[in-house]
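What follows is one structure encoded as structure tokens, with my remarks underneath.
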């Protein structure tokens with residue numbers, strides 16, 4: 076089994092059986108909601124709705140809710156097409172222009188009209204080979220006609236750091252399921268951490 080400490084390169088066709096089987100876990104799952112997470116990361120939640128433990132804050136009690144499956148769009152450019160609206164992480168890419176005029180970035184959480192309960196019909200990985208970026212993108216199609224396209228972006232050089240300091244690599248995107256987390260990138264590598272989400 077591939078673990079988080081053993082990154083695996085993918086072939087140009089992205090046709091490895093193990094890689095594909097991890098992605099197929101999302102097919103058939105119903106869409107629940109999307110939200111922004113830390114670092115302005117967009118997270119799409121699917122599957123069964125779960126509630127975390129009760130936490131007390133200065134504003135009262137709080138319970139984090141999430142889906143059994145979630146797609147985390149981390150170090151990537153993303154486009155969410157829902158109905159006639161297109162939302163994007165940036166407006167500078169040709170992909171956005173081909174899909175239509177995007178709304179403001181901040182609108183996606185409150186205005187994207189992906190139908191709650193729409194089922195994932197396809198999860199299609201594809202190689203990305205652009206200037207300064209070689210990676211793995213993914214397109215997720217839903218039964219209501221909505222789609223999400225994720226395209227890796229170039230790594231930003233780290234700020235001036237003391238010599239010998241190591242910097243953790245951020246995955247381009249991640250798929251969390253009850254079986255574990257599939258982490259894609261940076262570059263054309265992936266690894267699967269079999270620990271269930273806690």
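In the working numbering, the protein residues as written are 76 to 273. Don't be surprised by glycine CBs; every beta carbon is placed ideally from N, CA and C.
Original post:
CB-CB under 6 Å to residue 216, same chain, minus the five flanking residues each way: which ones, in chain order?
Top reply: For this step, residue 216 is matched to residue 141 along the chain shown. Taken in chain order, the residues that qualify are 196, 197, 222.
Subject >> Identity of the residue in 129, 228, 204, 191 nearest residue 123 by Cα >> reply: Within the chain shown, the letter at position 48 stands for residue 123. Residue 123 has its Cα closest to that of 191, out of 129, 228, 204, 191.
Subject >> Completely contained beta strand (DSSP E) runs for the stretch 128-168, where each covers 3 or more residues >> reply: For the stretch 128-168, whole beta strand (DSSP E) runs of length 3 or above, ordered along the chain, are 135-148, 151-157, 160-163.
Original post:
So does residue 99 have its beta carbon nearer than 7 Å to some heavy atom of the ligand MN?
Top reply: Because no ligand of any kind appears in the structure shown, any question about the ligand MN cannot be addressed here.
**OP:** Could you work out which residue in 238, 268, 260, 218 is closest to residue 228 when comparing CA atoms only?
**Re:** For the purposes of this step, residue 228 is taken as residue 153 along the chain shown, with counting starting at 1. That would be 260, whose Cα lies nearest to the Cα of residue 228.
Original post:
Are at least three pairs of beta-carbons, each pair with one atom in the stretch 156-165 and one in the stretch 245-265, less than 8 Å apart?
Top reply: At 8 Å Cβ cutoff, the stretches do not touch.
Original post:
DSSP state of residue 93, grouped into three classes?
Top reply: Numbered from 1 along the chain shown, position 18 holds the residue referred to as residue 93. Residue 93: helix per DSSP, three-state reduction.
Subject >> Contacts around residue 131, its chain only, beta-carbon distance under 7 Å, and the 5 residues preceding and following it disregarded >> reply: For the purposes of this step, residue 131 is identified with residue 56 of the chain shown, where counting begins at 1. The answer is none, since no qualifying residue turns up.
**OP:** Determine, using beta carbons only, whether residue 120 and residue 142 come nearer to each other than 8 Å.
**Re:** Against the chain shown, residue 120 aligns to sequence position 45. Against the chain shown, residue 142 aligns to sequence position 67. Between residue 120 and residue 142, the C-beta spacing is below 8 Å.
Subject >> residue 112 to residue 238 span [Cα, whole Å] >> reply: The residue you call residue 112 lines up with position 37 of the chain shown. The residue you call residue 238 lines up with position 163 of the chain shown. When rounded, the separation of the alpha-carbon atoms in residue 112 and residue 238 is 31 Å.
Subject >> Reduced DSSP secondary structure (H/G/I, E/B, other) of residue 117 >> reply: Along the chain shown, one-based indexing puts residue 117 at 42. Here DSSP, grouped into helix, strand and coil, assigns residue 117 to strand.
**OP:** Would you mind sorting residue 97 into buried or exposed? The rule is 16 or more other CB atoms within 10 Å of its CB.
**Re:** Taking the first residue of the chain shown as 1, we reach residue 97 at position 22. Classification for residue 97: buried.
**OP:** Please classify residue 247: is it buried, with 16 or more other beta-carbons within 10 angstroms of its beta-carbon, or exposed?
**Re:** Locating residue 247 in the chain shown gives position 172, where the first residue counts as 1. Residue 247 is buried by the Cβ-count criterion.
Subject >> Close beta carbons around residue 189, own chain, < 6 Å, minus the five adjacent residues each side >> reply: Stepping through the chain shown from its first residue, residue 189 is reached at position 114. So the qualifying residues of the chain are 106, 157, 221.
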